[in-house]
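What follows is a set of notes on a single structure, which appears directly below.
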Ligand code: DX5
Ligand code: ZN
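In this note's numbering, the protein residues as written are 56 to 272.
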């Protein structure tokens with residue numbers, strides 16, 4: 056796996072200037088744009104849907120890494136493809152037929168990811184891991200930006216990297232999301248994560264180029 060991927064979460068961007076903020080983080084070295092869609096049901100918070108994703112598509116060439124914190128996520132897939140999504144990650148806890156859901160994402164030509172809440176064991180991935188492009192380890196309980204990193208997730212990241220290596224799945228990304236900053240970035244990459252989502256740390260930093268390069272190093 057090459058350099059660490061940095062994915063700013065637009066949850067912490069200025070929603071009134073979303074296009075400009077997305078363009079800005081691209082210019083400052085971001086690799087993916089992380090897009091948090093919340094339904095007010097699976098998580099207590101409510102954000103936006105495919106029309107907003109479509110509206111910002113023309114502001115950047117970076118891949119759109121869509122994190123669906125919604126129940127029955129498959130109802131959004133086709134609209135997200137039209138809106139320009141590149142990767143879709145669903146929560147294992149929100150999918151009764153996770154295997155089918157993952158196949159549906161790939162069937163649309165997109166990269167497929169599965170996210171796990173902090174309390175969800177890695178074993179739920181035992182029979183889908185070989186079909187995934189990415190596993191998202193939530194390092195906070197999903198729903199809000201600006202929460203504190205849960206350090207118990209470090210052993211989960213390490214165990215996942217070992218399992219991926221054991222299966223020869225060296226191209227599967229381990230992404231982490233929640234409480235990532237200058238201190239925690241080193242811990243998660245050491246444990247085996249290679250894609251870091253950061254919202255408040257990047258968008259709240261007065262020098263976003265420095266924030267992104269700090270996370271990457
Ligand atoms: C939380 C979202 C995150 C959020 C992270 O449920 O999935 O992507 O934006 O925010 P920070 O980096 O501020 O913890
Ligand atoms: Zn997210």
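Backbone N, C-alpha and C define an ideal beta-carbon position, used for all residues, glycine too.
Ligand 2 and residue 146: does any heavy atom of the ligand fall closer than 6 angstroms to the residue's C-beta?
no
Please check the pair residue 194 and residue 168, which I expect to be a contact at CB under 8 angstroms, by giving their CB distance rounded to whole angstroms.
Contact flag wrong, Cβ pair sits at about 15 angstroms.
Can you give me the C-alpha to C-alpha distance between residue 172 and residue 270, rounded to a whole angstrom?
If you draw a straight line from the Cα of residue 172 to the Cα of residue 270, it is about 23 angstroms long.
Less than 6 angstroms between the CB of residue 91 and some heavy atom of ligand 2, yes or no?
yes
Spatial neighbours of residue 140 within its chain, please: CB distance less than 6 angstroms, with the 5 preceding and 5 following residues excluded, ordered by chain position.
119, 121
Count the other CB atoms, across all protein chains shown, that sit within 10 Å of the CB of residue 50; report buried if there are 16 or more and exposed otherwise.
Residue 50 lies beyond the range of the chain shown here (56 to 272); nothing can be said about it.
Three or more beta-carbon pairs under 8 angstroms between the segment 183 to 197 and the segment 214 to 227, yes or no?
As far as the Cβ criterion goes, the segment 183 to 197 touches the segment 214 to 227, which means the pair count is three or higher.
Is residue 178 near ligand 1 - that is, is its Cβ less than 6 angstroms away from at least one heavy atom of it?
It does not: the Cβ of residue 178 is nowhere closer than 6 angstroms to a heavy atom of ligand 1.
According to DSSP, is residue 248 part of a helix, a strand, or is it coil?
Residue 248 sits in coil when the DSSP states are folded into three classes, being neither helix nor strand.
Relative to the C-alpha of residue 178, which candidate in 203, 158, 214 has its C-alpha closest?
214
For a test of your reading of the model: does the CB of residue 254 fall under 6 angstroms from any non-hydrogen atom of ligand 1? Yes or no.
Because some heavy atom of ligand 1 lies under 6 angstroms away, the Cβ of residue 254 counts as near it: yes.
Check whether the Cβ of residue 122 lies closer than 6 angstroms to any heavy atom of ligand 2, and answer yes or no.
yes
Hey, would you say the C-beta of residue 232 is under 6 angstroms away from at least one heavy atom of ligand 2?
yes
Name the two residues that bound the continuous alpha helix (DSSP H) containing residue 107.
105 to 112
For the alpha helix (DSSP H) containing residue 82, name the first residue and the last one.
73 to 82
What number of angstroms, rounded off, separates the C-alpha of residue 90 from the C-alpha of residue 221?
Those two C-alpha atoms are separated by around 31 angstroms.
Judging by CA-CA distance, which residue of 247, 219, 205, 200 is the nearest neighbour of residue 253?
Nearest C-alpha to residue 253: 200.
Looking at residue 99 and ligand 1, is the gap between the Cβ and the nearest heavy atom below 6 angstroms?
no
According to DSSP, which residues form a beta bridge with residue 168?
144, 189
Could you tell me if residue 86 is buried or exposed, where buried requires 16 or more neighbouring beta carbons within 10 angstroms of its beta carbon?
buried
Along the chain, where does the alpha helix (DSSP H) containing residue 135 start, and where does it finish?
132 to 138
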